[in-house]
Amino acid sequence: MTLNCDTAPKKENPMPLDIHIIDAFTDTVFKGNSAAVIILNQWLEDSVMQSIASQNNLSETAFLVKNETDLEDKATLDYHIRWFSPLKEMDFCGHATLASAFLLFEQHSTATSIHFYAKAVGSLIIQKTPEGKIRMNFPNTLPSLIYSATHELAADVDPAINTVLAHLPNAPYKIYKNHQAYFIMFDNEAAVLGFEPDTLLMTQLAPLGLVLTAQAQSNKYSKYDFISRYFSQALGGAEDPVTGSVHTALAPLWGKQLSKDQLLAYQASSRGGELQCELQGDRVLISGHAVRYLSGVIEI
Numbered sequence: 001m002t003l004n005c006d007t008a009p010k011k012e013n014p015m016p017l018d019i020h021i022i023d024a025f026t027d028t029v030f031k032g033n034s035a036a037v038i039i040l041n042q043w044l045e046d047s048v049m050q051s052i053a054s055q056n057n058l059s060e061t062a063f064l065v066k067n068e069t070d071l072e073d074k075a076t077l078d079y080h081i082r083w084f085s086p087l088k089e090m091d092f093c094g095h096a097t098l099a100s101a102f103l104l105f106e107q108h109s110t111a112t113s114i115h116f117y118a119k120a121v122g123s124l125i126i127q128k129t130p131e132g133k134i135r136m137n138f139p140n141t142l143p144s145l146i147y148s149a150t151h152e153l154a155a156d157v158d159p160a161i162n163t164v165l166a167h168l169p170n171a172p173y174k175i176y177k178n179h180q181a182y183f184i185m186f187d188n189e190a191a192v193l194g195f196e197p198d199t200l201l202m203t204q205l206a207p208l209g210l211v212l213t214a215q216a217q218s219n220k221y222s223k224y225d226f227i228s229r230y231f232s233q234a235l236g237g238a239e240d241p242v243t244g245s246v247h248t249a250l251a252p253l254w255g256k257q258l259s260k261d262q263l264l265a266y267q268a269s270s271r272g273g274e275l276q277c278e279l280q281g282d283r284v285l286i287s288g289h290a291v292r293y294l295s296g297v298i299e300i
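Heads up, the sequence shown is in full-length UniProt numbering, so the first residue is 1 and it goes up one at a time.
The following block contains the structure:
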């Protein structure tokens, strides 16, 4: 018996789009955080871009459109960028920015820097480093202390955080908060590594995510200054493999804690990723490698 599976109606004039999947904050495939990158001639409808991101089902899909304004510096590329998770458009995404820069630098070998413009965060400057990494220049988003042994949790803090705290390991900690997430700093890395998340519980913190962090202590992480894990509302409370944006908060937080301006961080998800961080006043420079996993064509 022969089955004819080709029963779906054919699109009369499908639009082909090149798509690239890049693993960011790693130099090895199957590690880091994957992002899809699609370069457009002009913006698609928001609903179409959201559908593509949902179909991709990666933590983020980045869409780029070239800015036709000529820059004086011909070694600098100029693009608008937008980021979509499977659930919604994002204001900012670090690893998808790194992935986008990797692709553009690969396609334009003489370029040494990229100017990205994003509506929510403005201008982002991306550069190649002499070591072969890609360096991103982001605003410093240092979080504020909202709880410690000598600092009681403020009454106006979302009560859902207390529910989350009840499920945390019995270890000393401090809690910080910024516009993106709650940051829980433990005094030992085992509390971070051993945490077993409840996705439904994480969603109670919406719109904020949850970051767990500790100073690196064991031999396995001895080369790093600190480790972290992040549970993102953009992923429905699930763990994000590697997240550039939360390191604009983690780097200054640990910089103050350790009295350092340059830090090496590891995000300890199942895939894992390495981020080199440098503090420069109200800016945070975050550098990392990236590697191509897939290139192909989609039709919409």
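Even glycine gets a Cβ: it sits at the ideal position worked out from N, Cα and C. Given the structure is predicted, the values throughout are model-derived calculations rather than measurements.
Assuming residue i contacts residue j under a Cβ cut-off of 8 angstroms, what Cβ separation, rounded to an integer in Å, is found between them?
i	j	result
residue 20	residue 103	5 angstroms
residue 318	residue 276	No statement about residue 318 is possible, as the shown extent of the chain runs from 1 to 300 and does not include it.
residue 96	residue 60	4 angstroms
residue 18	residue 290	Their Cβ separation, rounded to whole angstroms, is 17 angstroms, which puts residue 18 and residue 290 out of contact at 8 angstroms.
residue 136	residue 168	That belief does not hold up - the Cβ atoms of residue 136 and residue 168 are roughly 31 angstroms apart, past 8 angstroms.
residue 252	residue 269	That belief does not hold up - the Cβ atoms of residue 252 and residue 269 are roughly 22 angstroms apart, past 8 angstroms.
residue 197	residue 239	6 angstroms
residue 34	residue 293	7 angstroms
Determine whether the beta carbon atoms of residue i and residue j lie at a separation below 8 angstroms.
i	j	result
residue 64	residue 81	yes
residue 299	residue 14	yes
residue 235	residue 164	no
residue 363	residue 279	As displayed, the chain neither begins before 1 nor continues past 300, which places residue 363 out of reach and without an answer.
residue 32	residue 273	yes
residue 174	residue 185	yes
residue 39	residue 288	no
residue 115	residue 76	yes
residue 50	residue 84	yes
Comparing C-alpha positions only, which one of the options sits nearest to residue i?
i	options	result
residue 141	107, 183, 159 and 218	183
residue 213	137, 159, 250 and 297	250
residue 232	208, 222 and 226	208
residue 121	289, 138 and 128	138
residue 180	49, 172, 193 and 205	205
residue 199	281, 237, 168 and 143	237
residue 283	258, 55, 245 and 74	245
residue 319	89, 127 and 74	Since the first and last residues shown for the chain are 1 and 300, residue 319 lies out of range.
residue 57	88, 41, 44 and 69	88
residue 297	36, 12, 42 and 69	36
residue 215	259, 73 and 42	259
residue 109	74, 25 and 44	74
residue 42	27, 62, 26 and 66	66
residue 113	262, 68, 28 and 78	78
residue 203	166, 160 and 219	160
residue 44	16, 271, 157 and 295	16
residue 94	247, 158, 221 and 162	247
residue 162	201, 144, 143 and 125	201
residue 105	129, 166 and 47	129
residue 28	295, 281 and 271	271
residue 295	146, 107 and 144	107
residue 143	26, 257, 25 and 90	257
residue 90	46, 166, 111 and 30	46
Going by the C-beta, is residue i closer than 7 angstroms to any heavy atom of the ligand FAD?
i	result
residue 103	With respect to the ligand FAD, the structure offers nothing, as it holds no ligand at all.
- Item | Minimum length 4: unbroken alpha helix (DSSP H) runs contained in the segment 5-78 | You should have 46-56.
- Message: Whether or not the segment 189-201 and the segment 213-229 are in contact is what I'm after, with contact meaning three or more pairs of Cβ atoms, one per stretch, closer than 8 angstroms; do they touch?
- Response: Enough Cβ pairs lie closer than 8 angstroms, so yes.
- Any chance you could list the alpha helix (DSSP H) runs of at least 4 consecutive residues sitting entirely within the segment 189-265, in chain order? Runs of the alpha helix (DSSP H) inside the segment 189-265: 189-193, 199-203 and 247-258.
- Ranges of the beta strand (DSSP E) found wholly within the segment 66-151, counting only runs of at least 3: If one requires a minimum length of 3 residues, the beta strand (DSSP E) runs lying completely within the segment 66-151 are 76-84, 113-118, 122-128, 134-139 and 144-147, in chain order.
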